[in-house]
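Q: As you go down the protein sequences, you meet chains X and B in turn. First residue of the first sequence? That's 37 in our numbering, and the numbers climb one at a time after it. First residue of the second sequence? That's 33 in our numbering, and the numbers climb one at a time after it. The structure is given below, and queries will be raised subsequently.
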Amino acid sequence: MSEAILENTSTKSLSLDLGTRSIGWAFVDPYHKNFFFTSETRLIGRKELLENSLLSNLRTLKTINGLPEGWNGENSHAFSKTLIEKVFNIISSLEAQPQIFPTGRNSIQLEFEIGDEYLELEIVEDKIVALIQFGGTDEEKVVKESEIIKLVDNFYAAN
Amino acid sequence: MLPIEIKNEEALYRAIKPFPNWWKTDTNRPSSAAFKDSRGVSVDRDGGRLPSEIVRNFQNRFTIKAVVSILAGECRSFGTHPISAPEIPTNPEHAVIHCSPTEIELTSGQAKNLSKTAKIEYLNPLI
Numbered sequence: 037m038s039e040a041i042l043e044n045t046s047t048k049s050l051s052l053d054l055g056t057r058s059i060g061w062a063f064v065d066p067y068h069k070n071f072f073f074t075s076e077t078r079l080i081g082r083k084e085l086l087e088n089s090l091l092s093n094l095r096t097l098k099t100i101n102g103l104p105e106g107w108n109g110e111n112s113h114a115f116s117k118t119l120i121e122k123v124f125n126i127i128s129s130l131e132a133q134p135q136i137f138p139t140g141r142n143s144i145q146l147e148f149e150i151g152d153e154y155l156e157l158e159i160v161e162d163k164i165v166a167l168i169q170f171g172g173t174d175e176e177k178v179v180k181e182s183e184i185i186k187l188v189d190n191f192y193a194a195n
Numbered sequence: 033m034l035p036i037e038i039k040n041e042e043a044l045y046r047a048i049k050p051f052p053n054w055w056k057t058d059t060n061r062p063s064s065a066a067f068k069d070s071r072g073v074s075v076d077r078d079g080g081r082l083p084s085e086i087v088r089n090f091q092n093r094f095t096i097k098a099v100v101s102i103l104a105g106e107c108r109s110f111g112t113h114p115i116s117a118p119e120i121p122t123n124p125e126h127a128v129i130h131c132s133p134t135e136i137e138l139t140s141g142q143a144k145n146l147s148k149t150a151k152i153e154y155l156n157p158l159i
């Protein structure tokens with residue numbers, strides 16, 4: 037399986053090979069009408085994100101996707117394609133990009149931090165645990181994927 | 033041989049490796065992800081050694097981005113449970129930090145508290 041991110045500088049399309057299929061972004065100018073895409077390709081016209089945090093996060097996700105069995109010592113495992121795709125879907129839906137880190141317990145963590153205010157989403161295949169430390173709140177709870185955009189929006193609204 | 037009991041004033045040292053990247057350059061702190069491990073958080077006790085000696089010992093074993101330390105008493109104040117776990121003969125100062133006496137994996141809040149409180153003993157800005 038290729039783990040390469042395909043970067044086409046002329047079309048600004050990116051994809052991550054998950055073995056059985058690829059997932060990817062095609063970055064488009066919203067005023068440019070002549071473009072083609074497949075159902076697996078997300079179209080993102082938020083130019084300010086394109087070459088910076090979103091691209092950086094895709095590269096980080098590619099690195100995490102490439103971590104081998106035993107990457108963190110004995111009994112540590114490579115990350116599943118299901119988890120990689122779940123994280124991909126979450127970050128590609130967000131306006132503000134987090135920092136992404138793998139953990140040594142088969143999860144991938146998204147971190148949003150402004151000063152002492154902090155929002156963390158620890159993503160495993162079957163659940164997402166949020167650590168919320170902002171606006172006077174200090175809470176750890178399981179959240180649904182559908183709640184994430186609102187959580188992140190609230191975090192930035194409070195800051 | 034170190035005593036099994038880890039006293040509150042004893043410092044515990046955690047090596048932060050450069051790959052994957054667990055260091056947040058914007059805050060110059062380790063991510064709390066560096067404290068999330070299904071086997072517990074692996075640390076070395078000071079064992080009466082100087083921090084520079086401990087850093088050198090880590091450097092002889094791994095490529096490291098940073099070394100951070102935290103007092104056992106601070107770990108306990110966050111509800112975590114440091115335990116002596118010597119690896120004889122290679123690392124008699126080894127210890128692990130667990131969530132509690134009965135659970136291994138730290139909560140997200142515990143991991144964040146450790147990452148925020150840890151003192152930076154060594155940082156390699158080049159990697």
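All C-beta atoms in this analysis are idealised placements derived from N, C-alpha and C, irrespective of residue type, glycine included. Since the structure is predicted, the reported quantities are computational estimates derived from the model, not experimental observations.
When every heavy atom of the ligand PLP is checked, does at least one fall within less than 7 Å of the C-beta of Asp69(B)?
A: Although the ligand PLP was asked about, the structure shown includes no ligands whatsoever.
Q: Can you list the residues of chain X that Pro52(B) reaches, using a CB-CB cut of under 8 Å?
A: Residue mapping note: residue 52(B) aligns to position 20 of the second sequence, counting from 1. Ordered by position in chain X, the residues that pass the 8 Å Cβ test against Pro52(B) are Thr99, Ile100, Leu103, Trp107, Phe137 and Pro138.
Q: Rounded to whole angstroms, how far is the Cβ of Ile184(X) from the Cβ of Ile126(X), which I believe are closer than 8 Å?
A: Taking the first residue of the first sequence as 1, we reach residue 184(X) at position 148. Taking the first residue of the first sequence as 1, we reach residue 126(X) at position 90. About 6 Å separates the two Cβ atoms, so the contact holds.
Q: For a contact meaning CB atoms closer than 8 Å, what does Asn111(X) contact in chain B?
A: Translated into positions along the first sequence, residue 111(X) becomes position 75. Those within 8 Å of Asn111(X) in chain B are Ser70 and Arg71.
Q: Answer yes if the stretch 171-178 of chain X comes into contact with the stretch 86-104 of chain B, meaning at least three C-beta pairs across the two stretches below 8 Å, and no otherwise.
A: With the cut-off at 8 Å, the stretch 86-104 of chain B and the stretch 171-178 of chain X do not touch.
Q: Leaving out five residues on either side along the sequence, give the residues of the same chain with a beta carbon under 7 Å from the beta carbon of His113(X).
A: Here the question's residue 113(X) lines up with position 77 in the first sequence. Closer than 7 Å at the Cβ level, and outside the excluded window around His113(X), lie Glu105 and Asn142.
Q: If you measure from the beta carbon of Gln204(X) to each beta carbon in chain B, is any gap under 8 Å?
A: Nothing in the structure corresponds to residue 204(X), since chain X is present only between 37 and 195.
Q: Counting only beta-carbon separations shorter than 8 Å, does Arg95(X) have a partner in chain B?
A: What you label residue 95(X) is simply residue 59 of the first sequence in a count that begins at 1. Cβ-Cβ to chain B under 8 Å: no for Arg95(X).
Q: Taking only the alpha-carbon atoms, compute the straight-line gap between Asn190(X) and Pro62(B) and give it to the nearest angstrom.
A: By 1-based counting over the first sequence, the position of residue 190(X) is 154. By 1-based counting over the second sequence, the position of residue 62(B) is 30. The straight-line gap from Cα to Cα measures roughly 25 Å.
Q: Verify the CB distance criterion: does Val160(X) have a CB-CB separation below 8 Å to chain B?
A: For this step, residue 160(X) is matched to residue 124 along the first sequence. So, not an interface residue.
Q: Over the uninterrupted beta strand (DSSP E) stretch that includes Arg46(B), give me the two end residues.
A: As a first step, residue 46(B) must be located in the second sequence, where it is residue number 14. Per DSSP, Arg46(B) belongs to the beta strand (DSSP E) from Ala43 to Ile48.
Q: If you run the structure through DSSP and keep just helix, strand and coil, what is Gly80(B)?
A: Against the second sequence, residue 80(B) aligns to sequence position 48. Coil, per DSSP.
Q: Nearest CA to the CA of Lys148(B): which residue from Thr95(B), Asp78(B), Leu103(B) and Ile38(B)?
A: What you label residue 148(B) is simply residue 116 of the second sequence in a count that begins at 1. Nearest C-alpha to Lys148(B): Leu103(B).
Q: Could you give the DSSP three-state label for Glu37(B): helix, strand or coil?
A: Counting from one through the second sequence, the residue named residue 37(B) turns up at place 5. Of the three classes helix, strand and coil, the one that applies to Glu37(B) here is coil, per DSSP.
Q: Does any CB atom of chain B fall closer than 8 Å to the CB of Glu176(X)?
A: For this step, residue 176(X) is matched to residue 140 along the first sequence. Yes, Glu176(X) counts as interfacial toward chain B.
Q: So the alpha helix (DSSP H) Glu110(X) belongs to, where does it begin and stop?
A: Counting from one through the first sequence, the residue named residue 110(X) turns up at place 74. Careful: Glu110(X) lies outside any alpha helix (DSSP H) and carries neither H nor E.
Q: In whole angstroms, what separates the C-alpha of Ser70(B) from that of Tyr192(X)?
A: Along the second sequence, read from residue 1 onward, the residue named residue 70(B) stands at position 38. Along the first sequence, read from residue 1 onward, the residue named residue 192(X) stands at position 156. Those two C-alpha atoms are separated by around 31 Å.
Q: Pull up the CB-CB distance for Val188(X) and Leu130(X), whole angstroms please, since I reckon it's below 8 Å.
A: For this step, residue 188(X) is matched to residue 152 along the first sequence. For this step, residue 130(X) is matched to residue 94 along the first sequence. Their Cβ separation, rounded to whole angstroms, is 6 Å, which keeps Val188(X) and Leu130(X) in contact under 8 Å.
Q: Under 8 Å: do the stretch 137-148 of chain B and the stretch 50-67 of chain B share three or more Cβ pairs, one atom per stretch?
A: The answer is yes - the stretch 50-67 of chain B touches the stretch 137-148 of chain B, with three or more Cβ pairs under 8 Å.
Q: By the 10 Å Cβ neighbour count, where 16 or more other Cβ atoms means buried, how is Gly140(X) classified, buried or exposed?
A: By 1-based counting over the first sequence, the position of residue 140(X) is 104. Under this definition Gly140(X) is a buried residue.
Q: Ala47(B) and Val128(B): beta carbons closer than 8 Å?
A: Here the question's residue 47(B) lines up with position 15 in the second sequence. Here the question's residue 128(B) lines up with position 96 in the second sequence. Not in contact: Ala47(B) and Val128(B) (Cβ atoms no closer than 8 Å).
Q: For Lys186(X), count neighbouring Cβ atoms within 10 angstroms of its own Cβ and tell me buried if that reaches 16, exposed if not.
A: In the first sequence, counting from the first residue as 1, residue 186(X) sits at position 150. Lys186(X) is exposed by the Cβ-count criterion.
Q: Using the beta-carbon of each residue, which ones in chain B are nearer than 7 Å to Leu167(X)?
A: Reading the first sequence from its first residue, position 131 is the one you call residue 167(X). Near Leu167(X) (Cβ distances below 7 Å), the residues of chain B are Ser140, Gly141 and Lys144.
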